[in-house]
(Lines of atoms letter the chains of each structure in order from A; the text may use other names.)
(Lines give C-alpha, C1' and ligand atoms only; values in the text may rest on other atoms or scores of the structure.)
Protein backbone atom coordinates (compact mmCIF):
# COMPACT_ATOMS: atom_id res chain seq x y z
CA UNK A 13 0.00 0.00 0.00
CA UNK A 14 1.44 3.37 -0.99
CA UNK A 15 1.80 6.08 1.68
CA UNK A 16 -0.76 8.24 -0.17
CA UNK A 17 -3.30 5.42 -0.23
CA UNK A 18 -2.75 4.66 3.44
CA UNK A 19 -3.21 8.33 4.29
CA UNK A 20 -6.48 8.48 2.36
CA UNK A 21 -7.83 5.33 4.00
CA UNK A 22 -6.80 6.34 7.52
CA UNK A 23 -8.37 9.79 7.08
CA UNK A 24 -11.68 8.07 6.27
CA UNK A 25 -11.33 5.45 9.02
CA UNK A 26 -10.61 8.16 11.59
CA UNK A 27 -14.13 9.51 10.97
CA UNK A 28 -15.97 6.17 10.99
CA UNK A 29 -18.60 5.91 13.73
CA UNK A 30 -19.08 2.59 15.50
CA UNK A 31 -22.01 3.71 17.66
CA UNK A 32 -24.69 4.23 15.01
CA UNK A 33 -26.17 1.88 12.44
CA UNK A 34 -29.09 1.51 10.05
CA UNK A 35 -31.41 -1.47 9.65
CA UNK A 36 -33.32 -1.78 6.37
CA UNK A 37 -36.31 -4.09 6.71
CA UNK A 38 -37.55 -5.82 3.56
CA UNK A 39 -36.54 -2.98 1.26
CA UNK A 40 -37.40 -4.17 -2.24
CA UNK A 41 -35.40 -1.91 -4.52
CA UNK A 42 -31.63 -2.51 -4.42
CA UNK A 43 -31.15 1.02 -5.78
CA UNK A 44 -32.80 2.40 -2.64
CA UNK A 45 -30.42 0.32 -0.53
CA UNK A 46 -27.47 1.56 -2.55
CA UNK A 47 -28.53 5.19 -2.13
CA UNK A 48 -28.74 4.63 1.63
CA UNK A 49 -25.26 3.08 1.59
CA UNK A 50 -23.85 6.09 -0.20
CA UNK A 51 -25.23 8.43 2.47
CA UNK A 52 -24.03 6.12 5.26
CA UNK A 53 -20.52 6.22 3.83
CA UNK A 54 -20.71 10.01 3.49
CA UNK A 55 -21.41 10.51 7.22
CA UNK A 56 -19.10 7.77 8.50
CA UNK A 57 -21.58 5.00 9.33
CA UNK A 58 -19.66 1.72 8.93
CA UNK A 59 -22.33 -0.95 9.59
CA UNK A 60 -25.58 -1.54 7.73
CA UNK A 61 -28.04 -4.31 8.56
CA UNK A 62 -30.22 -5.71 5.78
CA UNK A 63 -33.17 -7.71 7.16
CA UNK A 64 -35.13 -9.72 4.60
CA UNK A 65 -37.87 -11.73 6.27
CA UNK A 66 -40.46 -11.46 3.47
CA UNK A 67 -38.39 -11.02 0.32
CA UNK A 68 -35.45 -12.97 -1.13
CA UNK A 69 -31.95 -12.13 0.03
CA UNK A 70 -30.35 -9.44 -2.13
CA UNK A 71 -27.46 -10.66 -4.26
CA UNK A 72 -26.17 -7.21 -5.27
CA UNK A 73 -26.89 -3.53 -4.89
CA UNK A 74 -27.58 -0.93 -7.55
CA UNK A 75 -24.03 0.11 -8.46
CA UNK A 76 -25.03 3.44 -10.02
CA UNK A 77 -26.79 4.62 -6.86
CA UNK A 78 -24.07 3.57 -4.46
CA UNK A 79 -20.95 4.54 -6.44
CA UNK A 80 -19.63 1.25 -5.03
CA UNK A 81 -20.19 2.43 -1.44
CA UNK A 82 -21.05 -1.14 -0.41
CA UNK A 83 -17.42 -2.26 -0.63
CA UNK A 84 -16.43 0.32 2.01
CA UNK A 85 -19.23 -0.66 4.43
CA UNK A 86 -19.77 -3.72 6.59
CA UNK A 87 -23.08 -5.18 5.43
CA UNK A 88 -24.82 -7.66 7.74
CA UNK A 89 -27.65 -9.64 6.11
CA UNK A 90 -30.28 -11.44 8.16
CA UNK A 91 -33.40 -13.42 7.31
CA UNK A 92 -34.54 -13.85 10.93
CA UNK A 93 -35.67 -10.79 12.89
CA UNK A 94 -34.87 -12.30 16.29
CA UNK A 95 -31.31 -13.11 15.25
CA UNK A 96 -30.85 -9.65 13.78
CA UNK A 97 -32.07 -7.91 16.94
CA UNK A 98 -30.00 -10.18 19.19
CA UNK A 99 -26.94 -9.07 17.23
CA UNK A 100 -27.98 -5.40 17.37
CA UNK A 101 -28.46 -5.57 21.16
CA UNK A 102 -24.78 -6.53 21.55
CA UNK A 103 -23.65 -3.16 20.23
CA UNK A 104 -26.50 -0.65 20.48
CA UNK A 105 -28.33 0.53 23.59
CA UNK A 106 -31.37 1.88 21.75
CA UNK A 107 -33.23 0.66 18.65
CA UNK A 108 -35.76 3.05 17.12
CA UNK A 109 -38.05 2.57 14.13
CA UNK A 110 -39.47 5.12 11.75
CA UNK A 111 -43.19 4.93 12.36
CA UNK A 112 -45.97 7.48 12.58
CA UNK A 113 -47.56 6.68 15.95
CA UNK A 114 -48.86 8.59 18.95
CA UNK A 115 -45.74 7.77 20.97
CA UNK A 116 -43.26 8.63 18.21
CA UNK A 117 -40.65 11.27 19.03
CA UNK A 118 -39.39 13.84 16.57
CA UNK A 119 -36.10 13.15 14.83
CA UNK A 120 -34.76 16.29 16.52
CA UNK A 121 -35.47 14.89 20.01
CA UNK A 122 -33.22 11.84 19.52
CA UNK A 123 -29.82 11.88 21.19
CA UNK A 124 -27.57 10.60 18.41
CA UNK A 125 -24.48 10.74 20.60
CA UNK A 126 -25.61 7.46 22.21
CA UNK A 127 -25.23 3.94 20.78
CA UNK A 128 -28.23 3.75 18.47
CA UNK A 129 -29.72 1.62 15.69
CA UNK A 130 -32.31 3.13 13.35
CA UNK A 131 -34.79 0.91 11.53
CA UNK A 132 -36.37 1.90 8.21
CA UNK A 133 -39.12 -0.17 6.62
CA UNK A 134 -39.90 -1.06 3.05
CA UNK A 135 -41.24 1.19 0.32
CA UNK A 136 -44.87 0.08 0.62
CA UNK A 137 -45.79 -0.71 4.22
CA UNK A 138 -42.97 0.74 6.32
CA UNK A 139 -41.68 -1.00 9.43
CA UNK A 140 -43.63 -4.18 10.28
CA UNK A 141 -45.55 -4.78 13.52
CA UNK A 142 -43.08 -7.56 14.37
CA UNK A 143 -40.11 -5.23 14.21
CA UNK A 144 -41.85 -2.40 16.06
CA UNK A 145 -42.55 -4.86 18.88
CA UNK A 146 -38.84 -5.72 19.12
CA UNK A 147 -37.69 -2.09 19.11
CA UNK A 148 -37.47 0.45 21.95
CA UNK A 149 -39.62 3.14 20.35
CA UNK A 150 -40.53 5.07 17.25
CA UNK A 151 -39.49 8.34 15.67
CA UNK A 152 -40.78 10.55 12.90
CA UNK A 153 -39.26 13.09 10.55
CA UNK A 154 -41.26 16.31 10.98
CA UNK A 155 -43.28 17.18 7.87
CA UNK A 156 -45.98 19.72 7.05
CA UNK A 157 -47.13 18.53 3.63
CA UNK A 158 -50.11 16.50 2.48
CA UNK A 159 -48.08 13.37 1.73
CA UNK A 160 -46.67 12.27 5.09
CA UNK A 161 -43.92 10.01 3.84
CA UNK A 162 -40.52 10.26 2.18
CA UNK A 163 -38.65 7.89 -0.09
CA UNK A 164 -36.59 5.58 2.12
CA UNK A 165 -33.26 6.88 0.83
CA UNK A 166 -34.36 10.47 1.47
CA UNK A 167 -35.64 9.60 4.96
CA UNK A 168 -32.32 7.92 5.77
CA UNK A 169 -30.36 10.89 4.43
CA UNK A 170 -32.35 13.42 6.47
CA UNK A 171 -31.94 11.28 9.60
CA UNK A 172 -28.24 10.59 9.11
CA UNK A 173 -27.42 14.24 8.57
CA UNK A 174 -29.18 15.15 11.81
CA UNK A 175 -27.09 12.44 13.49
CA UNK A 176 -23.98 13.83 11.79
CA UNK A 177 -24.81 17.34 13.04
CA UNK A 178 -25.20 16.20 16.64
CA UNK A 179 -22.17 13.90 16.60
CA UNK A 180 -20.00 16.57 14.99
CA UNK A 181 -21.00 19.11 17.65
CA UNK A 182 -20.19 16.53 20.32
CA UNK A 183 -16.70 15.97 18.86
CA UNK A 184 -17.29 12.39 17.70
CA UNK A 185 -15.47 13.03 14.44
CA UNK A 186 -12.38 14.38 16.20
CA UNK A 187 -11.24 10.92 17.31
CA UNK A 188 -11.55 7.40 15.89
CA UNK A 189 -14.97 5.90 16.55
CA UNK A 190 -13.89 2.30 15.99
CA UNK A 191 -11.85 0.16 18.38
CA UNK A 192 -8.26 -0.60 17.36
CA UNK A 193 -8.92 -4.18 16.26
CA UNK A 194 -11.80 -3.16 13.99
CA UNK A 195 -9.91 -0.13 12.70
CA UNK A 196 -6.82 -2.13 11.76
CA UNK A 197 -8.89 -4.92 10.25
CA UNK A 198 -10.71 -2.50 7.98
CA UNK A 199 -7.49 -0.74 7.06
CA UNK A 200 -6.01 -4.07 5.96
CA UNK A 201 -9.21 -5.09 4.12
CA UNK A 202 -9.50 -1.74 2.34
CA UNK A 203 -5.84 -1.77 1.40
CA UNK A 204 -6.58 -4.64 -0.96
CA UNK A 205 -9.46 -2.85 -2.71
CA UNK A 206 -8.54 -1.72 -6.20
CA UNK A 207 -10.26 1.65 -6.38
CA UNK A 208 -10.78 4.46 -3.90
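Residue numbers (the numbering used here): 13 to 208. By construction, the Cβ of each residue, glycine as well, lies at the ideal position given by its N, Cα and C atoms.
Exposed or buried, which one is residue 142 when buried takes at least 16 other CB atoms within 10 Å? exposed
Where residue 147 falls: helix, strand or coil (DSSP): coil
Just to confirm, are residue 39 and residue 60 a CB contact at a threshold of 8 Å? no
Using beta-carbon positions only, say whether residue 108 and residue 147 come within less than 8 Å of one another. yes
Tell me the rounded alpha-carbon separation between residue 37 and residue 19. 35 Å
Just verifying my parser: in three-state terms, what is the DSSP assignment at residue 174? helix
On a CA-only basis, which of 183, 139, 165 is nearest residue 65? Give me that one, please. 139
For residue 133, count neighbouring C-beta atoms within 10 Å of its own C-beta (all shown protein chains included) and say buried if the count is 16 or more, exposed if not. buried
Identify every run of the alpha helix (DSSP H) within the segment 105 to 167, keeping only runs that are complete inside it and at least 4 residues long; order them along the chain. 141 to 146
Taking residue 35 as the reference, give the member of 195, 44, 187 with the closest Cα. 44
Per-residue burial, residue 126 [other beta carbons within 10 Å of its own, 16 or more giving buried]: exposed
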